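Accompanying notes for the structure given below.
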Amino acid sequence: MHHQLDLQRRQQNGNASASASASISSSASLVNGSTPLPTVPIGAQAGSLTITMPPIQSNSYYKIAPSEYVTFGWNFSSILVTPTALTVAAVGANGNTYPVGPSNGVIPGTAQSVVWYPYGYQIANPSLPLDPATYTLHIWADGGPSAFPTPGYLAPNSQLEFAMYTPQAYTPLASGWQCAGCSGALPQLKINSALPGVVAMIVIMLLSGFTTLRRVWD
Numbered sequence: 010m011h012h013q014l015d016l017q018r019r020q021q022n023g024n025a026s027a028s029a030s031a032s033i034s035s036s037a038s039l040v041n042g043s044t045p046l047p048t049v050p051i052g053a054q055a056g057s058l059t060i061t062m063p064p065i066q067s068n069s070y071y072k073i074a075p076s077e078y079v080t081f082g083w084n085f086s087s088i089l090v091t092p093t094a095l096t097v098a099a100v101g102a103n104g105n106t107y108p109v110g111p112s113n114g115v116i117p118g119t120a121q122s123v124v125w126y127p128y129g130y131q132i133a134n135p136s137l138p139l140d141p142a143t144y145t146l147h148i149w150a151d152g153g154p155s156a157f158p159t160p161g162y163l164a165p166n167s168q169l170e171f172a173m174y175t176p177q178a179y180t181p182l183a184s185g186w187q188c189a190g191c192s193g194a195l196p197q198l199k200i201n202s203a204l205p206g207v208v209a210m211i212v213i214m215l216l217s218g219f220t221t222l223r224r225v226w227d
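In the working numbering, the protein residues as written are 10 to 227.
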């Protein structure tokens with residue numbers, strides 16, 4: 010009888026321990042997330058991104074004007090952990106940050122390009138317009154723009170610089186367009202045109218005077 014009671018108590022204690030362990034395991038799963046962390050091999054390099062469009066060595070100028078789109082492209086290397094999303098932004102010389110792309114700068118983590126319509130942004134955001142200036146393109150993953158390079162994970166990239174400008178509106182001559190540098194050039198043109206005639210007149214006068222003197226001497 011006592012033996013059966015001891016056996017039942019042991020079974021109850023075992024069941025309680027198993028239940029507690031399951032509860033702790035479940036809580037840990039909820040805290041850490043249902044998806045296990047990926048395994049990155051020892052010695053793996055930090056993931057990187059290389060800009061391919063426009064070429065990083067080129068000087069790129071883009072118009073802020075209707076129907077003018079800008080495409081940025083890139084390649085990945087050493088990425089072992091695919092980002093959930095990428096954030097693309099342009100940081101201006103004035104310190105302001107502008108989202109790049111149609112979805113407020115956030116695109117899928119596997120994307121390798123983004124198309125930007127600066128004029129559309131300009132119209133939709135009059136309180137924070139794009140200035141005609143130099144910009145730096147920033148691309149970062151889940152770790153944010155200041156993430157430290159980590160093996161297998163994409164490191165932030167800010168290697169591309171480009172410039173933006175606003176074209177001047179066309180003004181016909183009939184509407185009063187004037188050339189700012191032409192008013193001073195016209196008198197100069199007149200002077201230059203008259204110079205050969207003046208020189209010829211001086212030469213003729215000198216020759217005539219020389220001929221007269223010869224007659225007097227003779």
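We put the CB at the ideal spot given by N, CA and C, even for glycine. Predicted model only: the values in this text are computed from it and were never measured.
Can you give me the Cβ contacts of residue i inside the same chain, cut-off strictly under 6 angstroms, excluding the 5 residues immediately before and after it?
| i | result |
| --- | --- |
| T145 | V100, S167, E170 |
| V90 | P47, G161, Y162 |
| G52 | none |
| S86 | S57 |
| A94 | V115, G118 |
| W125 | V79, V109, G110 |
| I211 | none |
Buried or exposed, going by whether 16 or more other CB atoms sit within 10 Å of the CB of residue i?
| i | result |
| --- | --- |
| I73 | buried |
| L139 | buried |
| A172 | exposed |
| L46 | exposed |
| Y70 | exposed |
| Q20 | Interpretation of Q20 is limited by its pLDDT of 46, a score under 50 that renders its predicted location unreliable; the figure taken from the coordinates is listed afterwards. Exposed is the call here. |
| I148 | buried |
| P64 | exposed |
| I88 | buried |
| A178 | exposed |
Alpha carbon to alpha carbon, how far is residue i from residue j?
| i | j | result |
| --- | --- | --- |
| P176 | V49 | 50 angstroms |
| E77 | N68 | 17 angstroms |
| N105 | T96 | 16 angstroms |
| A120 | P181 | 45 angstroms |
| P92 | P75 | 33 angstroms |
| A150 | P117 | 10 angstroms |
| A209 | Q66 | 56 angstroms |
| I213 | Y174 | 58 angstroms |
Which same chain residues, not among the five before or five after residue i, have their C-beta less than 8 angstroms away from its C-beta?
| i | result |
| --- | --- |
| A102 | D140, A142, T143, Y144 |
| S122 | M62, T80, F81, G82, W83 |
| Y130 | Y107, P108, L139 |
| P165 | H147, I148, W149, A150, G152, G153, P154, S155, A156 |
Which residues in the same chain as residue i place their Cβ atom closer than 7 angstroms to its Cβ, once the five residues preceding and following it in sequence are excluded?
| i | result |
| --- | --- |
| T159 | A55 |
| L215 | none |
| A98 | T106, Y107, P108, V109, G114, H147 |
| S38 | In this prediction, S38 scores a pLDDT of 37, lower than 50, which makes its location untrustworthy; no coordinate-derived value is stated. |
| Y128 | I73, A74, P75, E77 |
> Is the region 50-69 in contact with the region 110-120, if contact means three or more CB pairs nearer than 8 angstroms?
Replying inline: no
>> Counting beta carbon pairs with one atom in the region 147-158 and one in the region 129-138, are three or more of them shorter than 8 angstroms?
In response: no
> Curious, which full-length beta strand (DSSP E) runs of at least 3 residues does the region 72-134 contain?
Replying inline: 79-86, 94-101, 106-108, 115-117, 122-125
> Along the chain, which unbroken stretches of the beta strand (DSSP E) at least 3 residues long are found entirely within the region 160-184?
Replying inline: 166-174
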